[in-house]
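So the sequences go chain by chain: A and C.
Going by the numbering used here, the first sequence opens with residue 1381, and the numbers climb by one from there.
Going by the numbering used here, the second sequence opens with residue 1178, and the numbers climb by one from there.
Where is the CB? At the ideal position from N, CA and C, for every residue including glycine.
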Amino acid sequence: MIDYPTLKIIWWLLVGVLLVGFAIMDGHDMGVGTLLPFVGQGDEERRVVINTVGPHWDGNQVWFITGGGAIFAAWPLVYATAFSGFYWAMLAVLWALFFRPVGFDYRSKIHDPRWRSTWDWGLFIGGAVPPLIFGVAFGNLLQGVPFGFNDFLVSTYTGSFWQLLNPFALLVGVVSSAMITMQGGTYLAHRTEGVIQQRAVRGAVGAAVVMVLAFIAAGLWLAYGDIQGFVITSALDPAAMPDPLAKTVERSADGWWVNYDKQPLIWLLPALGISGALAAAALTAARRTLSAFVASSLAVVGVIGTAGASMFPFIMPSSTMPNASLTVWDSVSSPLTLGLMLGATLIFMPLIVFYTSWAYRVMRGKVTVAQIRANEHTAY
Amino acid sequence: MISEQLVDLSRLQFAATAMYHFLFVPLTLGMVWMLVIMESVYVMTGNVIWKDMTRFWGKLFGINFALGVTTGITLEFQFGTNWAYYSHYVGDIFGAPLAIEGLMAFFLESTFIGLFFFGWDRLSKTQHLMVTTLMAVGTNLSALWILIANGWMQNPVGAEFSYQTMRMEMTDFWAVVFNPDAQAKFVHTVSAGYVTGAMFVLSISSWYLLKGRDIEFAKRSFRVAAAFGLASVLSVIVLGDESGYTVGEAQQTKMAAIEAMWETEPAPASFTVIAGINESAQKNDWAVHVPWVMGLIGTRSISKEIHGIAEIKARNRERIVNGIVAVTALETLRQHRDDPVARQVFEAHMADLGFGLLLKKYVVDVRQATPEMIDRAMHDTVPRVAPLFWSFRIMVGLGFLMLALFTLAFWSTLKTNCRQRPWLLRWALLMLPVPWIASELGWFVAEYGRQPWTIYGVLPTHLSVSTLSVNSLYGSLAGFVGFYTVLLIVEIYLMQKFARQGPGSLGTGRYQHEAVHHAAPAHA
């Protein structure tokens, strides 16, 4: 039996794995959606772009759904507080996602250029909006968000949607959008040829450069700007049953840098984010597309890992009631549920990776205009 | 205090989005097995018409599935966005089946649905059949886990409240999984889905037969649908949900309301076929009874009593009064975790905590509750009778109507002369919307019948909401209604377009109504 503090850490890592899995898998088809109107000129080219992810987007989207379910099960207070607090942001994500299933499945079922072009922009929205909003949300988490609890742990959020759109958060939104576009661009370069591939390469390289610059800028802003981190100032029992009101928390200018001092190895994460993206750019430009996709995915690990490791043990700090901040230690489920969910993850995750890989293997190879013509009635 | 308007709007939004989602789910659950059946015949016989059937019905399945996916995400989001306190209070138990649903079921169905549509030329026949089967298994497993979660809301077993964490915590996972309520619900709901799938194929095939087009294709589809539908509708009725009604208090309360059983009757109770329900006087003005039947259905015995509404309410009043003590002690404990007196008092009255919380709808400090407030809370504990009584009866009536249709349809296909009975084909066509109406009514009975609780006896609905502004709710509700209306119009347009076009939409050159000429007959 694993002890409670260890389970809490494992679940912090597992939620990280699910977020990274989401960004790599659903991220690449969202990136393809973002690039779609620009990389595909004319209906047939757009169908090529769409069909690179056609058989896979639905399975990939489950990373997102399972991530949500896992946060519900492992961090119920985070799920409750974040989803209700970020109400309009979450609805914007949700409504953007509406365009994807219908966009993919319905677009090519009717031969009307306006109909098809409408759904192309729908797929663009479904691909571009969620990563932007998730980035903005992370940007706000780093600054703390205005919420508190009463004695019965009813959460109240006092901010508004527009307050989320502050300059630093938007900068983090750029990091996220560029990262996902890079992920989509490298994938698209791998699965297409000719002029579509050329445009995808340009998109991937551009996105990688933007991501690196914005990522460094956000780091400098945190180091030299006016954003304060958070630190727990009271003694803390990692084995205690979770109670987010039992600790004291203070803001501190070097709050988000404390972990780097304690454990310098964490510097490897931002280094991986930057070097992975630069390698992805260079490899795509050299048409080593599969390696580029791997490098881009490593960059995703680095960037998301940087955010998580900087904030540890905080998940959702509160700007208005810092003591109520949600952390790895005090917003988790019971040991039984955490243990059980760990078991389920260990059983099913390898299976998922196995059959997802098989699905990609079956559908491997370049998608071409000729294929689309040959499968006029079945292709997306 | 939480505004009633906020609670009502949150409920309306959840009900609207859940029932909208449930327009697509039953068809998915049922059609997917019919695709497995059709493709199995193809693999066994090699007759290409069965492959075309799989692909054509699969195309309609895909149009439906897309909206099922779209509207399903809403539901997962909505526990967090609109039911934050619920999510915190029961996430330890309720979150687990949802996460397992993702890991075990959604990945499976969503990964393989891609290969189902795109893998025809890249997989061997057997491999493709395996893909279709795994997609079906995934779809049905997702129904299992979500109904385990839902069953727990009706009958919260395997969990207990912790005052330290201020939430319910899981104590026995297997009790949650094998909750009899969840199991009964699963069987009933998936069978209803199978009936929906069968009716869809039966109706559209009947239309082709009436029009005299693609006869060989339509006849085979009709036959599969008739056989599958008959088996499924029998399963819905025989393994009906009432088998779950003896389990737990929520179901007993629901049953009393469904049956308009105001007073406890000596066993075995009679079954009220129809009645003039008088909600304010808490009685039936008139009624048509069948002796004994209710006792038999409800308790599977002739000696067990079924509790009437008056008795249930009287019992609940005591629990509310007891619950006041529990809530008060809990409030002390939240201020002083180590207070030994409060702890002892709380533990002695903890079982009625939820009933005490019912008063929070009327008063912040439950100790100030007047006898009148307690009475109002008591009356809240049984949902309104008329909506449940009639919804249930219409649902059951439609179930028997479908049984009649599938029986006749099956009998006709045995004699292979269904085309000689145009009235049967016309009837089958008219019945198309019936399984949807029955499914939605069933959903309504299950969830409205659970009120005033989100988790029966544990957490009142009005405490479960997120503390949002009423304006936010108006905005999001308007957004959902707008989006969903447009999506439904698009979906129905595509469905009827491809249903009218028929198997010709596959472009194989074997069917009527397609651009390609020189079509060879499919059944040579």
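For residue j and residue i, believed in contact at Cβ under 8 angstroms, the rounded distance
i, j, result
"Leu1275 (chain C)", "Gly1449 (chain A)", "4 angstroms"
"Phe1242 (chain C)", "Glu1617 (chain C)", "Rounded, the Cβ-Cβ distance is 19 angstroms, inconsistent with contact."
"Ser1676 (chain A)", "Gln1577 (chain A)", "Going by Cβ atoms, the distance from Ser1676 (chain A) to Gln1577 (chain A) rounds to 16 angstroms, so no, they are not a contact pair."
"Ala1427 (chain C)", "Gly1634 (chain C)", "7 angstroms"
"Val1589 (chain A)", "Thr1247 (chain C)", "Actually they do not touch by this definition, with Cβ atoms about 35 angstroms apart."
"Leu1671 (chain C)", "Tyr1760 (chain A)", "Actually they do not touch by this definition, with Cβ atoms about 14 angstroms apart."
"Leu1300 (chain C)", "Leu1292 (chain C)", "7 angstroms"
"Asp1761 (chain A)", "Lys1627 (chain A)", "A question about residue 1761 (chain A) goes unanswered here, because the residues of chain A that appear run from 1381 up to 1760."
Buried versus exposed call for residue i [16 or more other C-beta atoms within 10 Å across all chains shown]
i, result
"Gly1506 (chain A)", "buried"
"His1639 (chain C)", "buried"
"His1690 (chain C)", "exposed"
"Gly1374 (chain C)", "buried"
"Phe1418 (chain A)", "exposed"
"Gln1190 (chain C)", "buried"
"Glu1524 (chain C)", "exposed"
"Leu1607 (chain C)", "exposed"
"His1526 (chain C)", "buried"
"His1305 (chain C)", "buried"
"Asn1648 (chain C)", "exposed"
"Ser1319 (chain C)", "buried"
"His1700 (chain C)", "Because His1700 (chain C) sits at a pLDDT of 45, beneath the cut-off of 50, its placement in the model cannot be relied upon, and the point is left open."
"Glu1456 (chain C)", "exposed"
Per-residue DSSP class, three states only, for residue i
i, result
"Leu1533 (chain A)", "coil"
"Ile1483 (chain C)", "coil"
"Ser1698 (chain A)", "strand"
"Trp1443 (chain A)", "helix"
"Lys1592 (chain C)", "coil"
"Leu1545 (chain A)", "coil"
"His1466 (chain C)", "strand"
"Glu1337 (chain C)", "strand"
"Trp1709 (chain A)", "coil"
"Pro1481 (chain A)", "helix"
"Ser1632 (chain A)", "strand"
"Ala1701 (chain C)", "Residue placement at Ala1701 (chain C) is poorly supported in this model, since its pLDDT is 36, which falls under 50; the coordinates still yield a value, given next. Three-state result, Ala1701 (chain C): coil."
"Asn1431 (chain A)", "helix"
"Arg1570 (chain C)", "helix"
"Lys1746 (chain A)", "coil"
"Gly1420 (chain A)", "coil"
"Phe1657 (chain C)", "helix"
Length of the line joining the Cα atoms of residue i and residue j
i, j, result
"Gly1406 (chain C)", "Cys1595 (chain C)", "16 angstroms"
"Val1749 (chain A)", "Glu1424 (chain A)", "6 angstroms"
"Ala1282 (chain C)", "Leu1663 (chain A)", "37 angstroms"
"Glu1181 (chain C)", "Ser1643 (chain C)", "13 angstroms"
"Arg1744 (chain A)", "Thr1432 (chain A)", "9 angstroms"
"His1757 (chain A)", "Ser1646 (chain C)", "48 angstroms"
"Pro1560 (chain C)", "Pro1730 (chain A)", "46 angstroms"
"Phe1569 (chain C)", "Gly1619 (chain C)", "7 angstroms"
"Gly1524 (chain A)", "Ala1597 (chain A)", "19 angstroms"
"Ala1661 (chain A)", "Arg1579 (chain A)", "13 angstroms"
"Ala1563 (chain C)", "Val1733 (chain A)", "51 angstroms"
"Ala1517 (chain A)", "Ala1469 (chain A)", "8 angstroms"
"Leu1477 (chain A)", "Ile1445 (chain A)", "11 angstroms"
"Glu1253 (chain C)", "Ser1589 (chain C)", "44 angstroms"
"His1694 (chain C)", "Arg1390 (chain C)", "Note that His1694 (chain C) scores a pLDDT of 40, beneath 50, so its modelled location is shaky; the value from the coordinates is reported in the next line. Taking the straight line joining both Cα atoms gives about 16 angstroms."
"Trp1384 (chain C)", "Lys1396 (chain C)", "11 angstroms"
"Gln1331 (chain C)", "Pro1610 (chain C)", "28 angstroms"
"Lys1236 (chain C)", "Phe1294 (chain C)", "8 angstroms"
"Pro1702 (chain A)", "Ser1614 (chain A)", "12 angstroms"
"Ile1646 (chain A)", "Thr1685 (chain C)", "59 angstroms"
"Leu1568 (chain A)", "Gly1583 (chain A)", "10 angstroms"
Any non-hydrogen atom of the ligand GDP closer than 7 angstroms to residue i Cβ
i, result
"Tyr1385 (chain C)", "In the structure shown, the ligand GDP is absent, as is every other ligand, since no ligand is present at all."
Cutoff 8 angstroms: residue i Cβ touching any chain B Cβ
i, result
"Glu1456 (chain C)", "Chain labels in this structure do not include chain B; the protein chains are A and C."
Mind checking the region 1265-1276 of chain C against chain A and listing, in chain order, the residues whose C-beta falls within less than 9 angstroms of any C-beta there?
His1265, Tyr1266, Val1267, Gly1268, Asp1269, Ile1270, Phe1271, Gly1272, Ala1273, Pro1274, Leu1275 and Ala1276
Chain A contacts made by the region 1203-1229 of chain C, where a contact means CB separation under 9 angstroms:
none
Output, in sequence order along the chain, the residues in the region 1514-1543 of chain A whose CB is closer than 8 angstroms to any CB in chain C.
Asp1531, Phe1532, Leu1533, Val1534, Ser1535, Thr1536 and Tyr1537
Going along the region 1471-1496 of chain A in order, which residues come within less than 7 angstroms of chain C, judged by CB to CB distance?
Leu1471, Leu1474, Trp1475, Leu1477, Phe1478, Pro1481, Val1482, Asp1485, Tyr1486 and Lys1489
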